[in-house]
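Numbering (our numbering), first residue to last: 6 to 112.
Let me begin by presenting the structure, written as structure tokens, before commenting on it.
This is how it looks when you write it as structure tokens:
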């Protein structure tokens, strides 16, 4: 079954992917802003940044694919568990509903 550690890792991966997208977008904006600057050092830096961005985009796509795969695996595991243990799933759902109802009624 899908553990809390796996869930926390996926949340951290999702945040990392989101942060990484921001960094990539900022780097691309920087490249566009310096497009008209001349000089060998600037050109070399731009080429290095562009190569790094290509690599970063590949890694980002791989990380997103890994997150999607983990999510699909968790959904399949949950579906399989519910099919294998339907009455347990109904009981757990009823208990969760009862707890939520009690908490809402208290307010």
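All residues carry an ideal CB built from backbone N, CA and C; glycine is no exception.
Nothing here was measured: the structure is a model prediction, and the numbers come from that model.
For residue 68, the enclosing alpha helix (DSSP H) starts and ends at 45-89.
Look at residue 112 here: in three-state DSSP terms it is coil, with no helix or strand label. Residue 84 and residue 73 have their C-alpha atoms roughly 16 Å apart. Using a C-beta cut-off of 8 Å, the stretch 56-76 makes contact with the stretch 18-32, since at least three inter-stretch Cβ pairs fall below that distance. Put simply, the backbone Cα of residue 19 is about 15 Å away from that of residue 77. Taking a contact as a CB-CB distance under 8 Å, the pair residue 22 and residue 94 does not count as one, their CB atoms being some 31 Å apart. For residue 107 and residue 96, the gap between their C-alpha atoms comes out near 16 Å.
DSSP, read as helix, strand or coil, puts residue 41 in coil.
Contact between residue 36 and residue 54 holds, since their C-beta atoms are separated by about 6 Å, short of 8 Å.
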